[in-house]
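Asks: Okay, so the sequence shown: first residue is 1 according to UniProt numbering, each after it adds one.
No residue lacks a Cβ here, since even glycine has one placed at the ideal position from N, Cα and C.
I'd like to ask some things about the structure below.
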Amino acid sequence: MATMIKFRGIPLEDISSIDGVNFDGKFVYGNYAKNGDGALIIGDVLEAEEDVFWPSWWVPVDPKTVGQFTGLKDVNGNEIYEGDILENRKYRSIVKFANGKFLADVVGTISRFDLIGETHGSKVIGNVHTNPELLKG
1 MATMIKFRGI PLEDISSIDG VNFDGKFVYG NYAKNGDGAL IIGDVLEAEE DVFWPSWWVP
61 VDPKTVGQFT GLKDVNGNEI YEGDILENRK YRSIVKFANG KFLADVVGTI SRFDLIGETH
121 GSKVIGNVHT NPELLKG
């Protein structure tokens, strides 16, 4: 089976009746599939043929909330995703993907740094979708 890149997104509907979904109360986690103008987070692929596949589950999510896992964890061991807000002793930053790599834009400045195996002692304190108030002041 092919290795998939992990994503998350905020569901557009109640998903309590779907078995096996990785849901933390805000985000659903899994693989990403574009669906027209929409987006799906899907479970592992059960079966695949040349031009079709069947995932174990799928959940429609708000396309604006889809974020890719960076492959990195913060100082507390939490996974870091696109859209997360990081904080360390000096500043807060927003995780983004641009120019083929993950970056952290420092809030309130034009500074940014690469997130390549280095989180600069940061911890995830929220994300731009459910905690926009963390970006003020």
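1) So, do the region 34-41 and the region 72-87 have three or more beta carbon pairs nearer to each other than 8 Å?
2) Helix, strand or coil: how does DSSP classify GLU13 here?
3) Using the three-state DSSP reduction, which class does ILE116 fall into: helix, strand or coil?
4) What would DSSP say about GLU49, mapped onto helix, strand or coil?
5) Over what stretch of residues does the beta strand (DSSP E) that includes PHE97 continue unbroken?
6) Hey, how far is the Cα of LYS73 from the Cα of GLY43?
7) Near TYR81, what residues of its chain come up, given a Cβ to Cβ distance below 6 Å and the 5 sequence neighbours on each side ignored?
8) Less than 8 Å between the CB atoms is what I'm expecting for ARG92 and VAL75, so what's the real figure, rounded?
9) Considering only residues of the same chain and omitting the five flanking positions on each side of ASN78, which have a CB-CB separation below 6 Å?
10) Taking GLY126 as the reference, give the member of VAL95, LEU12, THR119 and PHE113 with the closest Cα.
11) Who are the near neighbours of LEU12 in its chain, counting only those whose CB is closer than 7 Å to its CB and skipping five residues on each side?
12) My guess is that LEU40 and TRP54 are in contact by the Cβ rule of under 8 Å, so how many angstroms apart are they, rounded?
13) Per DSSP, what are the beta-bridge partners of TRP58 in this structure?
14) If you follow the beta strand (DSSP E) that PHE69 is part of, which residue opens it and which one closes it?
Replies: Reading from the atomic positions:
1) no
2) Mapped onto the sequence shown, residue 13 falls at position 13. Looking at GLU13 - three-state DSSP - the assignment turns out to be coil, as it is neither helix nor strand.
3) Within the sequence shown, the letter at position 116 stands for residue 116. The answer is coil: DSSP assigns ILE116 none of H, G, I, E or B.
4) For the purposes of this step, residue 49 is identified with residue 49 of the sequence shown, where counting begins at 1. Residue state, collapsed to three classes: coil.
5) Against the sequence shown, residue 97 aligns to sequence position 97. From DSSP, the beta strand (DSSP E) with PHE97 extends over 92-98.
6) In the sequence shown, residue 73 corresponds to position 73, counting from 1. In the sequence shown, residue 43 corresponds to position 43, counting from 1. Straight-line Cα distance between these residues: approximately 22 Å.
7) Along the sequence shown, one-based indexing puts residue 81 at 81. ARG8, GLY67 and PHE69, listed in sequence order.
8) In the sequence shown, counting from the first residue as 1, residue 92 sits at position 92. In the sequence shown, counting from the first residue as 1, residue 75 sits at position 75. In fact, because the Cβ distance is near 14 Å, the residues do not count as touching under 8 Å.
9) What you label residue 78 is simply residue 78 of the sequence shown in a count that begins at 1. Around ASN78: VAL124.
10) The residue given as residue 126 occupies position 126 in the sequence shown. The candidate whose alpha carbon is nearest that of GLY126 is VAL95.
11) Stepping through the sequence shown from its first residue, residue 12 is reached at position 12. Within the same chain, LEU12 has close Cβ partners PRO60, VAL61 and ASP62.
12) Start at 1 with the first residue of the sequence shown, and residue 40 comes out as number 40. Start at 1 with the first residue of the sequence shown, and residue 54 comes out as number 54. So it is not a contact: roughly 13 Å between Cβ atoms.
13) Numbered from 1 along the sequence shown, position 58 holds the residue referred to as residue 58. Answer by DSSP bridge pairing, in chain order: ILE42.
14) Taking the sequence shown and counting its residues from 1, the one referred to as residue 69 is at position 69. Looking at the DSSP string, the run of the beta strand (DSSP E) that includes PHE69 is 67-73.
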